[in-house]
Amino acid sequence: MASPKITPQKLADEGLRRLGALADPMRAEGAQRYFKEKVLFLGIAAPEMRELAREFFQEIKAEWGVDEATEYCALLLANPYHEVKALGILTFEKFRKDFPKSAFATIKDWLLADYCNSWALVDVLCPTSVGALLEKYPDLLKEITGWTRSPNRWVRRASIVSFIKLAKKTQFLDAIYDIVRSHFADRDDLIQKASGWLLREAGKADMARLEKFLRRHGPDIPRTTLRYAIERFPEPRRKALLLATKRT
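Residue 1479 in this note's numbering sits at position 181 of the sequence shown; the count goes up by one each step and never skips.
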């Protein structure tokens, strides 16, 4: 295959230029309030980010493959600014149908390197890209359980949110409940919130199973996780579950 006319480096440079033109310092200052950790922002709205990723994909889809998309994403992830990293991810994920199994290890390396240095970036990367890999290569379900024991909080959060889009598929519910159960002792609020979010999504596929799980394990479940998990129950049932699962 001939070398692409638009190289990953060239597109990365163009991305930086375009994002710089969209930057809004006032928006950037306001964005920090959603994060406890320090995150650097340019101040660009999510719809603008997604539109730029779509535009770039239209330019490269005929001549790029996964290798070029991976190189491009790695270049942008190395940048300190949130929106630059996100643009790399949003373009990379458009090649997910062609991801080889090795992309799983590549993504884990990015997480371990703290390229995704906020819950928001993990939540952009993992539900779509890692979720696609888990669905395409079911044997990776065993590998991702090892992520739950990582000392890196972003890897641990990834072990949870990678299942968000798969939660509506009943064949993944066993793995989802196992993953959440493995995080019960985790004191990190970003892990507890992610676990509750995933349980809430799993409840959309089988609400009765979710309630049974909560009643069985309630005293062991962090209250933050529990409160997120029960959000879709009617208020009387939420109150009953909070009471039934309270530690004595």
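Note that CB positions come from ideal geometry on N, CA and C, so glycine has one too. Quantities reported herein were computed from a predicted structural model and do not represent experimental measurements.
Between the beta-carbon of L1374 and that of V1382 there is about 5 Å, and that keeps the pair under the 8 Å contact cut.
For the pair of segments examined, the region 1494–1507 was found to touch the region 1524–1540: the number of CB pairs separated by less than 8 Å reaches three.
If you look at A1411, you'll find it isn't in any alpha helix (DSSP H); DSSP assigns it neither H nor E. Along the length of the region 1379–1432, whole alpha helix (DSSP H) runs at least 4 residues long occupy 1380–1390, 1401–1410, 1417–1423, reported in chain order. Going by DSSP, V1459 is part of the alpha helix (DSSP H) stretching over 1451–1459.
Under the 8 Å Cβ criterion, the region 1454–1467 counts as touching the region 1429–1446, having at least three qualifying pairs.
Here P1345 is exposed, its C-beta having fewer than 16 other C-beta atoms within 10 Å.
The three-state secondary structure of L1320, taken from DSSP, is helix. Beyond the five residues adjoining it in sequence on each side, R1545 comes within less than 7 Å, by CB distance, of P1517 in the same chain, given in chain order. In the structure shown, the three-state DSSP call for L1340 is coil. Residue ranges of uninterrupted alpha helix (DSSP H) with 4 or more members, entirely inside the region 1447–1519 and ordered along the chain, are 1451–1459, 1471–1480, 1487–1503, 1505–1515. If you draw a straight line from the Cα of T1426 to the Cα of F1333, it is about 22 Å long. In its chain, beyond the 5 residues on either side, I1528 have a beta carbon closer than 6 Å to the beta carbon of R1536.
In terms of CA proximity to A1465, R1498 leads the group R1455, L1439, R1498. With distances taken between CA atoms, M1324 lies nearest to I1342 out of I1342, P1398, D1407.
For the pair Q1490 and I1477, the Cα-to-Cα distance works out to about 12 Å. Straight-line measurement puts the Cα of Y1475 at about 24 Å from the Cα of P1534. Annotated three-state conformation of P1345 is helix, per DSSP. Only buried fits P1520, as 16 or more other CB atoms lie within 10 angstroms of its CB.
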